[in-house]
Ligand SMILES: C[S@@+](CC[C@H](N)C(=O)[O-])C[C@H]1O[C@@H](n2cnc3c(N)ncnc32)[C@H](O)[C@@H]1O
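Numbering (our numbering), first residue to last: 1310 to 1606.
This is how it looks when you write it as structure tokens:
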């Protein structure tokens, strides 16, 4: 089973609960793990005080403890919490304190240097990353004061792209959302135009209340635009010398639209959608429209 083919929402779990039997999928996602290990190695110093919100099995806390940090890790799901506590004790002794709590309520008593938070889903859909970090920032500034800690991820860039997606399987057509590994060739997808950014923000800045796209693309090839591909890149750690970043691009999400439009090279195609962070994919899908304003044929 691979995350490209298996997403939790299809298995009947609320998006923000990741039961133990699915945590290994996160642990065996090498691109994700390498990116977080690299970012934490850059951001966390010996002696850093680190808070890990939604720690899951505790792997990010483990990376931080390995850097010499003192870590507090928060997890809400009871069995996952117990597993993290045992695994972290075996791996790093008492360097990590694991707390069974809701990250939306938990606040440390002392200032922290770094907050790790991976409650992410492509599109910022379904999971509670924005809500949790907003709540943390508001309460931290009120009760502990500034400056805010450094966040991992530090920033997010989201893009969208009009595509023609082949939704026909063994002769049977089902326009259902598709997840794609960014590094794979996608023979079922024709890219009508290159992606465009519709949102970018730093976690220390005010966070978005909604995710709105109103983008006009110029078609590069003939296509029946019947879906939009959503691309979410998390800038886990910004590097200054030399400049750069440790990035994690999540699996793409291809969302079918109700009314496809046909384009020829040079045609403009306008794509619009509007949803809130944490919404179900259906909210994005229901808001999604494409139009060809100056159809030449
Ligand atoms: C996507 S997983 C990531 C786990 C871990 N940080 C990792 O990188 O492997 C998000 C975790 O946050 C937990 N979680 C979700 N909402 C939470 C909340 N409000 N408070 C605490 N934990 C939460 C989930 O149960 C899940 O284990």
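Glycine residues also receive a C-beta, built at the ideal position from the N, C-alpha and C atoms.
If you're wondering where the values come from, they're calculated on a predicted model, not measured in any experiment.
Name the one or two DSSP bridge partners that residue i has.
i            : result
residue 1690 : Residue 1690 lies beyond the range of the chain shown here (1310 to 1606); nothing can be said about it.
residue 1583 : 1521
residue 1561 : 1489
residue 1362 : 1383, 1426
residue 1590 : According to DSSP, residue 1590 bridges with nothing at all.
residue 1482 : 1477
residue 1421 : Its beta-bridge partners do not exist; DSSP assigns none.
The alpha helix (DSSP H) with residue i in it runs from where to where?
i            : result
residue 1388 : 1387-1401
residue 1439 : 1438-1452
residue 1375 : 1368-1375
residue 1340 : 1339-1352
residue 1330 : 1329-1336
Taking the CB atoms as reference points, tell me whether residue i and residue j lie closer together than 8 Å.
i            : j            : result
residue 1512 : residue 1456 : no
residue 1464 : residue 1524 : no
residue 1526 : residue 1502 : yes
residue 1537 : residue 1499 : no
residue 1436 : residue 1429 : yes
residue 1539 : residue 1562 : yes
residue 1607 : residue 1357 : Since the displayed the chain opens at 1310 and closes at 1606, residue 1607 lies outside it and no answer follows.
residue 1367 : residue 1327 : no
residue 1390 : residue 1372 : no
residue 1556 : residue 1542 : yes
residue 1582 : residue 1573 : no
residue 1602 : residue 1560 : no
residue 1379 : residue 1404 : yes
residue 1431 : residue 1412 : no
residue 1577 : residue 1535 : no
residue 1351 : residue 1546 : yes
residue 1395 : residue 1382 : no
Where do the N-terminal and C-terminal ends of the beta strand (DSSP E) with residue i fall, by residue?
i            : result
residue 1600 : 1598-1600
residue 1459 : 1459-1461
residue 1469 : 1464-1474
residue 1500 : 1498-1500
residue 1509 : 1505-1511
residue 1407 : 1405-1409
Beta carbon of residue i: closer than 7 Å to some heavy atom of ligand 2?
i            : result
residue 1392 : Looking for ligand 2 in the displayed structure turns up nothing; the ligands present are ligand 1.
Quick one: does residue i have its CB under 8 Å from some CB of chain D?
i            : result
residue 1392 : No chain D appears in this structure, which consists of one protein chain only.
Measure how close the beta-carbons of residue i and residue j come, nearest whole angstrom, since I'm counting them as under 8 Å.
i            : j            : result
residue 1507 : residue 1517 : Going by Cβ atoms, the distance from residue 1507 to residue 1517 rounds to 10 Å, so no, they are not a contact pair.
residue 1416 : residue 1448 : 5 Å
residue 1360 : residue 1421 : 5 Å
residue 1514 : residue 1497 : With 8 Å as the limit, residue 1514 and residue 1497 do not qualify as a contact, their Cβ atoms being about 37 Å apart.
residue 1567 : residue 1600 : Rounded, the Cβ-Cβ distance is 12 Å, inconsistent with contact.
residue 1468 : residue 1505 : 6 Å
residue 1363 : residue 1343 : Not confirmed; about 20 Å, so no contact.
residue 1349 : residue 1376 : 7 Å
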